[in-house]
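Student:
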Amino acid sequence: MRDRQSDIEMQREAERLEEATDEAANLAGKLGLDQFPVNYWVVDYDDMNELIAYGGFQTRYPHWRWGMQYDRQQKQGQFLGGKAFEIVNNDNPAHAFLQVSNSLADQKAVITHVEAHSDFFANNQWFGLFAENPDATAMLARHADTIREYMQDPEIERAAVEKWIDHILCLEDNIDQHQPYEPVDAHQEVSEFDPEDIDDQLADLSVSEEVRQQVFDDEWLESQADDDEVASFPAEPEPDILAFLRKHGRQYDDEAGKAVEMEEWQREILEVLRAEAYYFAPQKMTKVMNEGWASYWESLMMADENFASADEFLTYADHMSQVLGSPGLNPYKLGLELWQYVENTTNRRHVVEHLLRVDGITWRNFHDTVDFDLVQEVLEPADLVAAPTEQELSTVDPEDPRVDADALAAAQAGELDLETYPWKLLSYEGLAERHYSLTKAQSRGFLSRVGQEELERVSRYMFERDRYDSVEEALAAVDYTVGWDRMREVRESHNDVTFIDEFLSQEFVDEHDYFTYEYMHASDDYRATSTDAADVKKKMMLQFTNFGKPTIAVADGNYDNRNELLLEHQYNGVALDIGQAQDTLERVFELWGRPVNLRTVVKRYDEHDVEVARRRDSEPTPEEKGLEIRYDGMDFSEEELDLEAVEHLAATDVDYDTKPEEWLA
Amino acid sequence: MGLRDDLERYREVGENRRQDLAEFIQYGDMGGSQQGSVRIPIKIVDLPEFEYDQRDMGGVGQGDGDTPQPGEPVGEPEDGDEDGDPGEEGGEHEYYEMDPEEFAEELDEELGLDLDPKGKQVIEEKEGDFTDITRTGPTSTLDFERLFKQGLKRKLAMDFDREYVREALKIDGWGPETVFEWARTDENLPVSRPWVEEAYAEIPDGERTAWESLEEMEESTDRVDTAQRIRREGVDQIPFRREDERFRYPEVVEEREKNVVVVNIRDVSGSMRQKKRELVERTFTPLDWYLQGKYDNAEFVYIAHDAEAWQVEREDFFGIRSGGGTRISSAYDLAAEVLEEEYPWSEWNRYVFAAGDSENSSNDTEDQVIPMMEEIPANLHAYVETQPSGNAINATHAEEVERHFRNSGNVAVAYVSGPEDVTTAIYDILSTEEEADQ
Numbered sequence: 019m020r021d022r023q024s025d026i027e028m029q030r031e032a033e034r035l036e037e038a039t040d041e042a043a044n045l046a047g048k049l050g051l052d053q054f055p056v057n058y059w060v061v062d063y064d065d066m067n068e069l070i071a072y073g074g075f076q077t078r079y080p081h082w083r084w085g086m087q088y089d090r091q092q093k094q095g096q097f098l099g100g101k102a103f104e105i106v107n108n109d110n111p112a113h114a115f116l117q118v119s120n121s122l123a124d125q126k127a128v129i130t131h132v133e134a135h136s137d138f139f140a141n142n143q144w145f146g147l148f149a150e151n152p153d154a155t156a157m158l159a160r161h162a163d164t165i166r167e168y169m170q171d172p173e174i175e176r177a178a179v180e181k182w183i184d185h186i187l188c189l190e191d192n193i194d195q196h197q198p199y200e201p202v203d204a205h206q207e208v209s210e211f212d213p214e215d216i217d218d219q220l221a222d223l224s225v226s227e228e229v230r231q232q233v234f235d236d237e238w239l240e241s242q243a244d245d246d247e248v249a250s251f252p253a254e255p256e257p258d259i260l261a262f263l264r265k266h267g268r269q270y271d272d273e274a275g276k277a278v279e280m281e282e283w284q285r286e287i288l289e290v291l292r293a294e295a296y297y298f299a300p301q302k303m304t305k306v307m308n309e310g311w312a313s314y315w316e317s318l319m320m321a322d323e324n325f326a327s328a329d330e331f332l333t334y335a336d337h338m339s340q341v342l343g344s345p346g347l348n349p350y351k352l353g354l355e356l357w358q359y360v361e362n363t364t365n366r367r368h369v370v371e372h373l374l375r376v377d378g379i380t381w382r383n384f385h386d387t388v389d390f391d392l393v394q395e396v397l398e399p400a401d402l403v404a405a406p407t408e409q410e411l412s413t414v415d416p417e418d419p420r421v422d423a424d425a426l427a428a429a430q431a432g433e434l435d436l437e438t439y440p441w442k443l444l445s446y447e448g449l450a451e452r453h454y455s456l457t458k459a460q461s462r463g464f465l466s467r468v469g470q471e472e473l474e475r476v477s478r479y480m481f482e483r484d485r486y487d488s489v490e491e492a493l494a495a496v497d498y499t500v501g502w503d504r505m506r507e508v509r510e511s512h513n514d515v516t517f518i519d520e521f522l523s524q525e526f527v528d529e530h531d532y533f534t535y536e537y538m539h540a541s542d543d544y545r546a547t548s549t550d551a552a553d554v555k556k557k558m559m560l561q562f563t564n565f566g567k568p569t570i571a572v573a574d575g576n577y578d579n580r581n582e583l584l585l586e587h588q589y590n591g592v593a594l595d596i597g598q599a600q601d602t603l604e605r606v607f608e609l610w611g612r613p614v615n616l617r618t619v620v621k622r623y624d625e626h627d628v629e630v631a632r633r634r635d636s637e638p639t640p641e642e643k644g645l646e647i648r649y650d651g652m653d654f655s656e657e658e659l660d661l662e663a664v665e666h667l668a669a670t671d672v673d674y675d676t677k678p679e680e681w682l683a
Numbered sequence: 002m003g004l005r006d007d008l009e010r011y012r013e014v015g016e017n018r019r020q021d022l023a024e025f026i027q028y029g030d031m032g033g034s035q036q037g038s039v040r041i042p043i044k045i046v047d048l049p050e051f052e053y054d055q056r057d058m059g060g061v062g063q064g065d066g067d068t069p070q071p072g073e074p075v076g077e078p079e080d081g082d083e084d085g086d087p088g089e090e091g092g093e094h095e096y097y098e099m100d101p102e103e104f105a106e107e108l109d110e111e112l113g114l115d116l117d118p119k120g121k122q123v124i125e126e127k128e129g130d131f132t133d134i135t136r137t138g139p140t141s142t143l144d145f146e147r148l149f150k151q152g153l154k155r156k157l158a159m160d161f162d163r164e165y166v167r168e169a170l171k172i173d174g175w176g177p178e179t180v181f182e183w184a185r186t187d188e189n190l191p192v193s194r195p196w197v198e199e200a201y202a203e204i205p206d207g208e209r210t211a212w213e214s215l216e217e218m219e220e221s222t223d224r225v226d227t228a229q230r231i232r233r234e235g236v237d238q239i240p241f242r243r244e245d246e247r248f249r250y251p252e253v254v255e256e257r258e259k260n261v262v263v264v265n266i267r268d269v270s271g272s273m274r275q276k277k278r279e280l281v282e283r284t285f286t287p288l289d290w291y292l293q294g295k296y297d298n299a300e301f302v303y304i305a306h307d308a309e310a311w312q313v314e315r316e317d318f319f320g321i322r323s324g325g326g327t328r329i330s331s332a333y334d335l336a337a338e339v340l341e342e343e344y345p346w347s348e349w350n351r352y353v354f355a356a357g358d359s360e361n362s363s364n365d366t367e368d369q370v371i372p373m374m375e376e377i378p379a380n381l382h383a384y385v386e387t388q389p390s391g392n393a394i395n396a397t398h399a400e401e402v403e404r405h406f407r408n409s410g411n412v413a414v415a416y417v418s419g420p421e422d423v424t425t426a427i428y429d430i431l432s433t434e435e436e437a438d439q
């Protein structure tokens, strides 16, 4: 329990931040964002760690992994020092958490970041897949109650519940995240013939085991099965393994030595965790976009709009560089860079369209004719929007679309603090001009770098109207809002995969120094392989498609007519981690109750080939083989299959390998 | 349930997955541990999933101005930064953390040890439970429950059926005097004379003769006893009296503290190369943890020596390397001095552990070290020889010590030529004292 002292402290912090949260929401609205309202909570360090561990929510089902994440979080805090975390959850209203001991600069950074996240939650269509109004806090708390009750039920062993949860979590990414969430109907029964149904019916008849074995022996059971047509299902491979197991899975009963129906609690927990997997899926699918989006608006509000006061700015810059400077492929950084690129290219295209209409300028002579310094100068925001506070208010025209007429009236009446919030005087149009991307220092030269190819393409699709006599006249017609308008469109419909696919270009890859790397069998290390945009895109697609995980689908729930489960790995040229796959199969067995099989394609490297490759300094070519792994509850067995048997699994139209052709032996 | 419970379950899960203790001592990474907490790596943390083969997957990197050209090695890929993204799995390295007490317990179990630490003649007054009582004290220690009970008792004792006495005042011919007498003697009620007089004064004249006699009054009036009245009307005021106040204060408990000082001596001369240093660290560190876990209060003295000896901090102890020769007695001289000054034998359990490769300057062992070891009182003296490549000529310190103290109960000599010997050495050292105790 918290003592009164800290309660007072938090109350004070909440009051201190009230203005910042209000104004951040106002500013976000003016910038064109349309967010869920955000409820802010001030919490202490321990609460913050706890929230992080529990995925941003206060009440989750009991599980050791939250404990693990908390432990890890706490140690990170201990060793790496404090860092401002943004915790906001996708809900309407959204809930966000601010740590009481953070500096004001950090708090503001979190607030601006969070407002943009909330806009993303509210408007991105992938979030809409789960529910327009997820009511997540209540849902997760309900789930927690359900599971906690089962754990406390004296009839059910707590350890059994925990194990069951573990099994399911191993498959939490094996859902069909491109489809809206549909609960599995509890009464939807299996219509297919199932000898084990008879088995169960026999058990219900309560005939003695002896009678049963003599009269209804296994042979008889099998003959019954043979009478029926071979029932293979599902008709199409089912990527939502959890749903399939929920419908057709059983549990293995150790004492009986066979599969039996799942208990009610098992079915319910399976469905509860499946629902949570669907709820969290959009966040995983849009991580780059969403973090980039939040970083973009955060940076605009904090740095460009002086939301951080001068003395806070250094702390803020430090925070930003920490977030963006983290190693590896950093979703914040990649996202931010891509959004800025979307903005810049949209604006550039728009400007180019106007310039190409100026008499005497064509796509061929564009670079020789256009005076880019002049263009840059003309595009600079007007004084009115660049420095609204220096305007004599009486001279400002309320009819100017860049001006917020109401705010102007309020300012003239002395009711508005323009010194602190100069943006209040401006409308969306005004702010778009004020923050026009092509005139920013870091984008200088972007316009002049437009490629010949792009110029030609633009001019080909241009209608021959609205000719301009001069560059000035053309630029006067430039709409400063096209960049932001486009960004909002993109944030509505895309996910990380489509976002990267559409916007990652060679220009982008070159500017930001992206490259691909591969593991080399010959030298037993990782080597850079390419800086080609197509290759970089390939690798990113691999990393972001299907949560960066291989696609595994249920191919048959009555495999070999023996009620075994057959999973198929839809092979895209990148092999499975077989060790992990086996560990996972053990878990799948627990949810199926009967033997489970997995078909995949493996790559075999011949030792001799590797040796030869090493000497020639090239890469060996592996032989691809089909492999079927079976787990029967006790042992694994493996069977190599001809490539024909797995041909339907191998996608021929994708290739994620970025090794240059000439490297291959 | 909640966080505490989830942490607890995590520790239990981690428990099942952590490295075996003996294996950890022999081969594990001790670098993650600190003196107060032992961190044992946990083998697998996360649940399995269908994943790509890491190597076959390759990846994307971002250069910083100088993008590596195709063909350039790029090092091991780093895990993507998952900071600020709860719910995603992070690093691979996890530790199971235990405090030295738990470590000592586990080691006892693992090696079959049972060292019983002795309480030294250090008597300390410690505060026990708040069970003693006094009449004055700070308000926070006031025994309010008692105060309340006493007040309630008092209230009950002073209480009487006022209505009933009022009715008695209405008997024809009875005045306050008679009623007071009657109440005090016949009824045994705690009435006071002023109260009776006041009550009589309040009764209107017309009612003072309402009853013919006492009998008539008793017949038509119900008496209400105290318990009933309190139940009906509640206790509106409890008389708290200063004399009922009692304050709790802690019991004084006399305790013998189990103090221990461990002197770690290490040869840092030129012949002690990397391998040997590591073996010393591997042997000494668990010994330190163990003794720290066994005793209430543990202090450590670190002495490095070549031909000279000097005291160092723990952080530096295992890393130091000097060039000079070796004279082991220099370390014992210093140890004797420190112990005498700061850790008197009457108050401290003492352990003196030395380690080296058994090389010593001629006659130093025989003439100096052995007499010193006999002279310095300690629970246990030990010498750990770390000699990865078997015996070297002239390296006879361990043998000489062992030969001399063969029948002594408080000197142990252990030989460690590789990590696999470490647990045996620890057992040999710690069991020497135990056997001597029996």
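If you read the sequences in order, they're chains X and R. To convert, take the position in the first sequence, counting from 1, and add 18; that gives the working numbering. To convert, take the position in the second sequence, counting from 1, and add 1; that gives the working numbering. Even glycine gets a Cβ: it sits at the ideal position worked out from N, Cα and C.
1) At the 8 angstroms Cβ level, is glutamate 646 (chain X) part of the contact set with chain R, yes or no?
2) Write down every uninterrupted run of the alpha helix (DSSP H) in the region 558 to 620 of chain X whose length is 4 residues or greater and which is fully enclosed by it, in chain order.
3) Shortest alpha-carbon distance to aspartate 258 (chain X) belongs to which of X:Glu273, X:Ile186, X:Ser317, X:Lys276?
4) Taking 8 angstroms as the limit between beta carbons, can you name the residues of its chain near glycine 62 (chain R), skipping five residues before and five after?
5) Between glutamate 167 (chain X) and alanine 43 (chain X), what straight-line distance do the alpha-carbon atoms span, to the nearest angstrom?
6) Can you give me the C-alpha to C-alpha distance between histidine 368 (chain X) and glutamine 55 (chain R), rounded to a whole angstrom?
7) With a Cβ-Cβ cutoff of 8 angstroms, do glycine 310 (chain X) and glycine 275 (chain X) count as a contact?
8) Thinking just about the alpha-carbon of each residue, which of X:Gln269, X:Ala312, X:Tyr589 is nearest to the one in proline 349 (chain X)?
9) Can you tell me whether alanine 105 (chain R) is helix, strand or coil according to DSSP?
10) Report buried or exposed for arginine 283 (chain R), applying the criterion of at least 16 other Cβ atoms within 10 angstroms of its Cβ.
11) Just to make sure I have the definition right: I need the residues of chain X whose C-beta is within less than 7 angstroms of the C-beta of aspartate 6 (chain R). Which are they?
12) Where are the alpha helix (DSSP H) runs, 4 residues long or more, that stay fully inside the region 352 to 431 of chain R, in chain order?
13) Does the region 322 to 340 of chain X come within contact of the region 278 to 291 of chain X, defined as at least 3 CB pairs closer than 8 angstroms?
14) Whose Cβ in chain X lies nearer than 7 angstroms to the Cβ of valine 75 (chain R)?
15) Should alanine 492 (chain X) and alanine 631 (chain X) be called a contact, given that it needs their Cβ atoms to be closer than 8 angstroms?
16) At a CB-CB cut-off below 9 angstroms, which residues of chain X make contact with glutamate 52 (chain R)?
17) What span of residues does the alpha helix (DSSP H) with histidine 196 (chain X) cover, start to end?
18) Go through the region 189 to 270 of chain R residue by residue and report every complete run of the alpha helix (DSSP H) that reaches 4 residues or more, in order.
19) Is the CB-CB distance between isoleucine 70 (chain X) and glutamine 91 (chain X) below 8 angstroms?
20) Starting from the Cα of glutamine 143 (chain X), find the closest Cα among X:Tyr589, X:Asn513, X:Glu104, X:Thr602 and give me that residue.
21) For aspartate 223 (chain R), tell me which candidate among R:Asp162, R:Leu431, R:Ile134 has the shortest Cα-Cα distance.
22) Taking just the CA atoms, how far does tyrosine 291 (chain R) sit from glutamine 598 (chain X)?
23) Please determine if the region 2 to 16 of chain R and the region 660 to 675 of chain X are in contact, where contact requires at least 3 C-beta pairs separated by less than 8 angstroms.
24) For leucine 48 (chain R), go through chain X and note every residue whose CB falls closer than 7 angstroms to its CB, in chain order.
25) In three-state DSSP terms, what is glutamate 665 (chain X)?
26) Between the Cα of threonine 155 (chain X) and those of X:Ala114, X:Leu392, X:Tyr532, spot the shortest distance and give me the residue it belongs to.
27) Report yes or no: do the region 73 to 83 of chain X and the region 124 to 140 of chain X share at least 3 C-beta pairs separated by less than 8 angstroms?
28) If valine 619 (chain X) and valine 664 (chain X) are in contact, beta carbons under 8 angstroms, what's the gap, nearest whole angstrom?
29) Taking the alpha carbon of proline 406 (chain X) as the point to measure from, which residue in X:Arg375, X:Asp391, X:Trp441 has its own alpha carbon closest?
30) Taking C-alpha atoms, which residue in R:Gln312, R:Glu376, R:Leu157 lies nearest to phenylalanine 241 (chain R)?
Tutor: Once the coordinates are examined:
1) For glutamate 646 (chain X), no Cβ of chain R is located within less than 8 angstroms of the residue's own Cβ.
2) Runs of the alpha helix (DSSP H) lying entirely within the region 558 to 620 of chain X and spanning at least 4 residues, in chain order: 596 to 610.
3) X:Ile186
4) Pro69, Val75, Pro78
5) Here the alpha carbon of glutamate 167 (chain X) sits roughly 40 angstroms from the alpha carbon of alanine 43 (chain X).
6) 43 angstroms
7) no
8) Of the candidates X:Gln269, X:Ala312, X:Tyr589, the one whose C-alpha sits nearest the C-alpha of proline 349 (chain X) is X:Ala312.
9) helix
10) buried
11) Ordered by position in chain X, the residues that pass the 7 angstroms Cβ test against aspartate 6 (chain R) are Pro80.
12) You should have 371 to 376, 398 to 405.
13) In short, these stretches do not touch, since the Cβ pair count stays below three.
14) Tyr535, Tyr544, Arg545, Ala546
15) Taking 8 angstroms as the Cβ cut-off, alanine 492 (chain X) and alanine 631 (chain X) do not qualify as a contacting pair.
16) Neighbours of glutamate 52 (chain R) on chain X, chain order: Gly566, Lys567, Pro568, Leu594, Asp595, Gln598, Ala599, Thr602.
17) No alpha helix (DSSP H) contains histidine 196 (chain X), which DSSP labels as neither H nor E.
18) 194 to 203, 215 to 221, 227 to 234
19) yes
20) X:Asn513
21) R:Asp162
22) 37 angstroms
23) With the rule of 3 Cβ pairs closer than 8 angstroms, the region 2 to 16 of chain R does not count as touching the region 660 to 675 of chain X.
24) Asp184, Leu187, Cys188
25) coil
26) For the residues X:Ala114, X:Leu392, X:Tyr532, the minimum Cα distance to threonine 155 (chain X) belongs to X:Ala114.
27) By the Cβ rule, the region 73 to 83 of chain X does not count as touching the region 124 to 140 of chain X, because fewer than three pairs are nearer than 8 angstroms.
28) 5 angstroms
29) X:Trp441
30) R:Leu157
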